[in-house]
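Following the numbering used here from start to finish, the sequence shown increments by one per residue and tops out at 355. C-beta: ideal position from N, C-alpha, C; glycine also. Step one of this worksheet: look at the structure below.
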Amino acid sequence: MLNRPRKILLGIVAAVVAAIVFAALWVNSPEQYRTTLQDYVATATGYELVVAGAIDLNLLPVARLTLEDARLRNPGLPQELASTAFVQLDVDRGDLLRDELTIRELRIDGFHVNAYVDATGTSIWDAGPAETVPIFGGESDTASLLPERIAAEGGRLDVQNLFSGRRFLLKNLRVVGDNVNLQGESFLLLANFDVEWFDSSNRRLREAKVGLSGNVEADANSGGLALADLDINSTPVSLQGRLDVTDFPADPSYRANLTSNEFDAKTLLQNLG
83 MLNRPRKILL
93 GIVAAVVAAI
103 VFAALWVNSP
113 EQYRTTLQDY
123 VATATGYELV
133 VAGAIDLNLL
143 PVARLTLEDA
153 RLRNPGLPQE
163 LASTAFVQLD
173 VDRGDLLRDE
183 LTIRELRIDG
193 FHVNAYVDAT
203 GTSIWDAGPA
213 ETVPIFGGES
223 DTASLLPERI
233 AAEGGRLDVQ
243 NLFSGRRFLL
253 KNLRVVGDNV
263 NLQGESFLLL
273 ANFDVEWFDS
283 SNRRLREAKV
293 GLSGNVEADA
303 NSGGLALADL
313 DINSTPVSLQ
323 GRLDVTDFPA
333 DPSYRANLTS
343 NEFDAKTLLQ
353 NLG
């Protein structure tokens, strides 16, 4: 006969095996979450998620959805807002089995974001379904759908504004945010990137490397946004201070309190090309 400790151990093993078998039977295919993900993004942003590649699911050691070739679109517009080769979503296992989605961590690798403004001043990010309540300045709880941690690397942000005539490109972009929220609680944000500026003929004018860190305070209800303990470095310049934005995004106003180190202007000009 089995003694009591062995019975308990076998009971635990049997329970774990039963849970795994139940999950495997419940989750017929990762493809069943394609619609769940699309609904999640539409609810949170008003934009359309297209996953052109495969969707994979792992339940152990953490519940994780992996997406390949994911794209974000604004319904009715031809340009893509963003695209990425690879996305990992660490999610709440219990919610996932109930066909719900609670994202704990978002990891993105190899992404491109397109910020295009036409000659009339209309951004491809502006338009959206009329019934969608914006995350900032709205009265819905969509801000709560944000993941707690965001880690993105290998990115590019292409900003082209035909209305103002400005164009610049952020490349080799890496962004990490911990305890991300839009309820006004401070969370740490780190970013590194190379920035290139272009003229109206798309000729590169200069380039610089930038490192940025700060504590973000974002309140979706009031439209307030702040970067406290801000530290921006682009050799030989170093800036520290605070940046505040109010009434974002409807009618934003900005206030900055920054201090700079002493630097050699000649070195700065050389680094800017």
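Report task. Look at F168 and D191 and say whether their C-beta atoms are less than 8 Å apart. Result -> Your numbering for residue 168 matches position 86 in the sequence shown. Your numbering for residue 191 matches position 109 in the sequence shown. It is a contact, given that the beta carbons lie within the stated cut-off.
Query - Which of helix, strand or coil DSSP assigns to N129 - result: Looking up residue 129 in the sequence shown gives position 47. With the sequence shown as reference, residue 129 is identified as Tyr, and Asn is not the correct amino acid for it. In this structure, Y129 counts as coil in the three-state DSSP scheme.
Query raised in the report: Straight-line CA distance for R153 to V133?
Result: Here residue 153 corresponds to residue number 71 of the sequence shown, with the count starting at 1. Here residue 133 corresponds to residue number 51 of the sequence shown, with the count starting at 1. In a straight line, the C-alpha of R153 is about 6 Å away from that of V133.
Query - As assigned by DSSP and simplified to three states, the class of D326 - result: Within the sequence shown, numbered from 1, the residue matching residue 326 stands at position 244. In the structure shown, the three-state DSSP call for D326 is strand.
**Report entry** Sequence-distant residues of the same chain with beta carbon closer than 8 Å to A308, five excluded per side
**Finding:** Translated into positions along the sequence shown, residue 308 becomes position 226. Closer than 8 Å at the Cβ level, and outside the excluded window around A308, lie V298, E299, A300, R324, L325, D326 and V327.
Query raised in the report: Is the distance from the Cβ of L255 to the Cβ of F275 below 8 Å?
Result: Counting from one through the sequence shown, the residue named residue 255 turns up at place 173. Counting from one through the sequence shown, the residue named residue 275 turns up at place 193. Going by beta carbons, L255 and F275 fall inside the 8 Å limit.
Query raised in the report: Across which residues does DSSP place E235 in a beta bridge pair?
Result: By 1-based counting over the sequence shown, the position of residue 235 is 153. Its beta-bridge partners are D191.
Query - The beta strand (DSSP E) enclosing R256, as first and last residue numbers - result: By 1-based counting over the sequence shown, the position of residue 256 is 174. Here the beta strand (DSSP E) through R256 covers R248 to D260.
Query - contact_flag[the region 183-200, the region 232-246] where n(CB pairs < 8 Å) is 3 or more - result: Proximity of the region 183-200 to the region 232-246 meets the contact definition, three or more beta-carbon pairs being nearer than 8 Å.
Report task. Excluding the 5 residues preceding and the 5 following R337 in the sequence, name in chain order all residues of the same chain whose CB lies nearer than 7 Å to its CB. Result -> In the sequence shown, the residue the question calls residue 337 occupies position 255. These residues qualify, in order along the chain: D326.
Query raised in the report: Would DSSP call Y336 helix, strand or coil?
Result: Position 254 of the sequence shown, counting from 1, holds the residue named residue 336. The answer is strand: DSSP assigns Y336 an E or B state.
**Report entry** Top-ranked residue by Cα proximity to Q265, from N343, L228, V241 and L141
**Finding:** Locating residue 265 in the sequence shown gives position 183, where the first residue counts as 1. Of N343, L228, V241 and L141, the residue nearest in Cα terms is L228.
Query raised in the report: For the ligand FAD, is there a heavy atom less than 7 Å away from the beta-carbon of R155?
Result: Judged by which ligands are present, the structure shown has none, so any question about the ligand FAD falls away.
**Report entry** C-alpha distance - L270 paired with T204, whole-angstrom precision
**Finding:** For this step, residue 270 is matched to residue 188 along the sequence shown. For this step, residue 204 is matched to residue 122 along the sequence shown. Their backbone Cα atoms lie some 32 Å apart in a straight line.
**Report entry** E182 in three-state terms, based on DSSP
**Finding:** Residue numbering aside, residue 182 sits at position 100 when the sequence shown is read from its first letter. Coil.
Query raised in the report: Would L171 pass as a contact of I185 if the rule is Cβ separation under 8 Å?
Result: Translated into positions along the sequence shown, residue 171 becomes position 89. Translated into positions along the sequence shown, residue 185 becomes position 103. For L171 and I185, yes; Cβs fall inside 8 Å.
Query raised in the report: So, are the CB atoms of R288 and W279 less than 8 Å apart?
Result: In the sequence shown, residue 288 corresponds to position 206, counting from 1. In the sequence shown, residue 279 corresponds to position 197, counting from 1. The answer is yes: Cβ separation under 8 Å.
Query raised in the report: Leaving out the 5 sequence neighbours to the left and right, which residues in its chain are closer than 8 Å to W207 when beta-carbon positions are compared?
Result: Sequence index remark: in the sequence shown, residue 207 carries index 125 (1-based). These residues qualify, in order along the chain: N156, L163 and A197.
Report task. Could you check if A302 is buried or exposed, using at least 16 other CB atoms within 10 Å of its CB as the buried criterion? Result -> Within the sequence shown, residue 302 is the residue found at index 220, counting from 1. A302 comes out buried.
**Report entry** L147, DSSP secondary structure in three states
**Finding:** As a working mapping, residue 147 is identified with position 65 in the sequence shown. Note: L147 maps to strand in three-state DSSP.
Query - Close beta carbons around L321, own chain, < 6 Å, minus the five adjacent residues each side - result: To locate residue 321, count along the sequence shown from 1; it is residue 239. These residues qualify, in order along the chain: I314, L340 and S342.
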